[in-house]
Amino acid sequence: MDRASEGMDTLDSSGMPGGLPPHMAMGGSMSGNGGGHPPPDIKPDISSLTSPTSTHGGGYFHGYPPPGMGGAGNGMSTPTGGSSGPPQMHSPGMHSPTSSLGSPLCLSPTGPSPSPGLPHSSLHTKHICAICGDRASGKHYGVYSCEGCKGFFKRTVRKDLTYACRDDKNCMIDKRQRNRCQYCRYMKCLSMGMKREAVTAVQEERQRVKEKGEEVESTSGANNDMPVEQILEAELAVDPKIENYIDTQVHFGKANEELGNGQMENGLDNLRDPVVNICQAADKQLFTLVEWAKRIPHFTELPLADRIILLRAGWNELLIAGFSHRSIEAKDGIYLATGLHVHRSSAHQAGVGVIFDRVLTELVAKMREMKMDQTELGCLRAVVLFNPDSKGLTAVQEVEQLREKVYASLEEYCKTQYPDEPGRFAKLLLRLPALRSIGLKCLEHLFFFKLIGNQPIDTFLMEMLEDPTPSSA
């Protein structure tokens, strides 16, 4: 399967999240290794939530990048070299799913828990990967290896990638640290007997079959298991569908007049409105975010504790991506789910102009420029959701496989819907580092709440995820 945009090969790994494929060469994880921050103060009406039926499919996409390129790993060699990803963000107000009995959260819900993980033949094989020691899915390019190392070797050969080791070229390569140094991982692939010519032979054979008009193996199987149609349905189901937005700039004009008349306290309260408005929008959207996640294929099959961890780790980036895409048609501002249009000048007066400008230039403008559609938005948000580097996960391999399936489905979608834009898939993935960075900064400025009403965040998410009541959405 061809990769989009060869120009991506020389990207610096600095600041890039673990959510991107290895050939995108990046360091940090998408959601700070699960160090997400609690959402704003809200009291949920749990009765309106449901768990829609999730589609099941077979198969597993062979050959897309294993996620989890986080930590202090090395990326591809670049003129400036790589650097480690962003620091982990921890919230003292959150309760771990494995918290003590004294915690308000008890993750021993009544009734049976969902099956932990997805069925996959590689989980039952008696062989182990010769490169990292993980479970092998079979013999690939001459060596028993896991899907992650198989895909890594294939991409390296096909793209003719070059790596550099930051240490002494003797890094430990095992299941936990296989993504930390791509150079040493590739060298170990070769030393254990993987053959470069085997990759080329497979590629040439597939090309010959394709030219003869015969059926060729493609990523369509991955799309069947992670259908973009269902991801789009999830986006449409939670779209606020607001026709007329209220411009907050008028209100701020009045605030300036009040400041001029000496009514300093009242004026300053008004100037804080963009922060309040955005937090209120986050309040509202957190409900729909859980509803959205339930509609993403296979999410509800994961253990309840893992679902809580994934949402807790990625909620801020998921919400930011949502209102950024909603604001493509906005004029010099953003549209909130509450129906408000927050203007750039209002944000600057409120003291959050710098991060607001980053949202407009690095997310909204780029989405507008490439005319990102809702299917692509949904896939990017699913990549953020399925973060195998989230701290505390038990079904790490299953989450990693789900992220790979999203990658494969998104790439196939881009090839099918935008055949004249071979670099579109890569351009989409380039929005993820910006989203990650902005998400961390927004937590500093806006999302500082530790509780939802009187409930810890984990308790709130558990109740929403467990609730079987049909949704009115």
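The sequence shown begins at 1 in UniProt numbering and counts up by one.
C-beta: ideal position from N, C-alpha, C; glycine also.
Only a predicted model underlies this, so the values are computations on that prediction, with no experimental measurement involved.
* To do: Kindly give me the distance between the Cβ atoms of Lys366 and Arg431, rounded to whole angstroms, as I take these residues to be in contact under 8 Å.
  => 6 Å
* Rounded C-beta distance between Gly193 and Val157? I'm assuming under 8 Å. -> About 14 Å separates the two Cβ atoms, so there is no contact after all.
* To do: Have a look at Ser409, Gln182 and Asn224 and flag the residue whose alpha-carbon is nearest the alpha-carbon of Phe153.
  => Gln182
* Asked: Secondary structure at Ile320, three-state DSSP: helix, strand or coil?
  -> helix
* **Nearest neighbour of Ser145, chosen from Val228, His127 and Leu410 [CA to CA]** => Per the Cα distances, His127.
* N-terminal and C-terminal residue of the beta strand (DSSP E) that Val359 is part of -> Looking at the DSSP string, Val359 is not in any beta strand (DSSP E), and its letter there is neither H nor E.
* Asked: Can the beta-carbon of Leu318 be found closer than 8 Å to that of Val384?
  -> yes
* Asked: Any beta-carbon of chain B closer than 8 Å to the one on Lys195?
  -> The displayed structure is made up of one protein chain only, and chain B is not part of it.
* Asked: Relative to the C-alpha of Val199, which residue among Ala164, Asp239 and Gly151 is closest?
  -> Gly151
* Are Val238 and Trp292 closer than 8 Å when you measure CB to CB? -> It is a contact, given that the beta carbons lie within the stated cut-off.
* Asked: Hey, how far is the Cα of Thr394 from the Cα of Asp306?
  -> 7 Å
* Within the UniProt domain "Nuclear receptor" (126 to 201), ranges of the beta strand (DSSP E) (whole runs, at least 3 residues) -> 138 to 140 and 143 to 145
* Asked: From this set, Lys415, Gly333 and Leu236, which residue's C-alpha is nearest Leu428's C-alpha?
  -> Lys415
* Asked: When DSSP labels each residue in this structure, what does Val352 get in the three-state scheme?
  -> Of the three classes helix, strand and coil, the one that applies to Val352 here is coil, per DSSP.
* Using the rule of at least 16 other Cβ atoms within 10 Å of the residue's Cβ for burial, across every protein chain shown, is Val342 buried or exposed? -> With 16 or more other Cβ atoms within 10 Å, it is buried.
* Unbroken alpha helix (DSSP H) run spanning Leu410, endpoints -> DSSP places Leu410 inside the alpha helix (DSSP H), whose first and last residues are Val396 to Gln417.
* To do: Give the range of the beta strand (DSSP E) segment to which Tyr428 is assigned.
  => Reading off the sequence, residue 428 comes out as Leu, not Tyr. No beta strand (DSSP E) contains Leu428, which is instead part of the alpha helix (DSSP H) from Arg424 to Leu429.
* So Ile334 packs on Ile438, CB below 8 Å; how close in whole Å? -> The pair is not a contact, with the Cβ atoms about 12 Å apart (cut-off 8 Å).
* To do: Report the rounded CA-to-CA distance for Val399 versus Gly322, giving the unit in angstroms.
  => 22 Å
* Cβ pair Glu235, Gln374 closer than 8 Å -> yes
* Thr80 versus Ala164 - alpha carbon distance -> With a pLDDT of 39 at Thr80, under the threshold of 50, the modelled position of that residue is not reliable, and the figure given next carries that caveat. Distance between the alpha carbons of Thr80 and Ala164 is about 12 Å.
* Is the CB-CB distance between Leu232 and Gly392 below 8 Å? -> no
* Distance, Cα to Cα, Leu336 vs Arg180? -> 39 Å
* **Distance between Met226 and Leu402 (C-alpha atoms, nearest Å)** => Roughly 8 Å between the two C-alpha positions.
* Asked: Looking at Cys129 and Cys189, is the spacing between their C-beta atoms short of 8 Å?
  -> no
* Measure the Cβ-Cβ separation of Val406 and Ala382 and say whether it is below 8 Å. => yes
* Asked: Which residues in the same chain as Asp332 place their Cβ atom closer than 7 Å to its Cβ, once the five residues preceding and following it in sequence are excluded?
  -> His343 and Arg344
* Asked: So, using beta-carbon positions, are Tyr413 and Val228 closer together than 8 Å?
  -> Result yes, Cβ atoms of Tyr413 and Val228 sit closer than 8 Å.
* Does DSSP put Gly439 in a helix, a strand or coil? -> Looking at Gly439 - three-state DSSP - the assignment turns out to be helix.
* To do: With DSSP as the reference, label Ile296 as helix, strand or coil.
  => Ile296 falls in the coil class under three-state DSSP.
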